[in-house]
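Numbering (this note's numbering), first residue to last: 223 to 361.
A quick write-up on the structure given underneath.
This is the structure:
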């Protein structure tokens, strides 16, 4: 387990009602209605929120990974996240993630270096490693 030596930021949130409830951040910057995946009810779901969080963090990690390599992440970088929720053989549930990373203007080697480096740095990658199937498609 990785241990924090110095806290940089702590997010404070409050959630009620589970997948059919709501969630809100302490600073009022996030206030969302929740709904079960595929229900077509108003609101988002934890898998969508996880995909956005992981993608945003991964972009920052690519920038950090690129610095010592002299590779600048393009301004028009984007990531599409597919977060799948499914059942397991033991009647439990599991997640799987596919990140499609678009890095226009870089060659294939540079793209791979950024993704590999970010996957070693990103806290979401650390949290999912060995727990969730994470795959990458690099464009």
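Just so it is clear, CB atoms sit at the ideal spot from N, CA and C, and this is done for glycine as well.
Everything numeric in this text was worked out from a predicted model, so none of it was measured.
Counting only residues of its own chain and dropping the five nearest sequence neighbours on each side, residue 248 has a CB closer than 6 Å to the CB of 234. When C-beta atoms of the region 260 to 268 are compared with those of the region 279 to 289, fewer than three pairs fall below 8 Å, so the two segments do not count as touching. Residue 337 is positioned such that its CB atom lies closer than 7 Å to that of residue 360.
Within the region 278 to 348, the runs of alpha helix (DSSP H) that reach at least 4 residues and sit entirely inside it are, in chain order, 330 to 343. Within the same chain, 304, 357 and 359 come within 7 Å of residue 320 by CB-CB distance, once the 5 residues on both sides are set aside. The residue from 230, 275 and 255 with its alpha-carbon nearest to that of residue 349 is 275.
Judged by DSSP in its simplified three-state form, residue 273 adopts helix.
In the DSSP assignment, residue 232 forms no beta bridge with any residue.
Within its own chain, the residues whose Cβ lies closer than 7 Å to the Cβ of residue 341, once the five positions on either side in sequence are excluded, are 347, listed in chain order. Going by DSSP, residue 260 is part of no beta strand (DSSP E) at all; its letter is neither H nor E.
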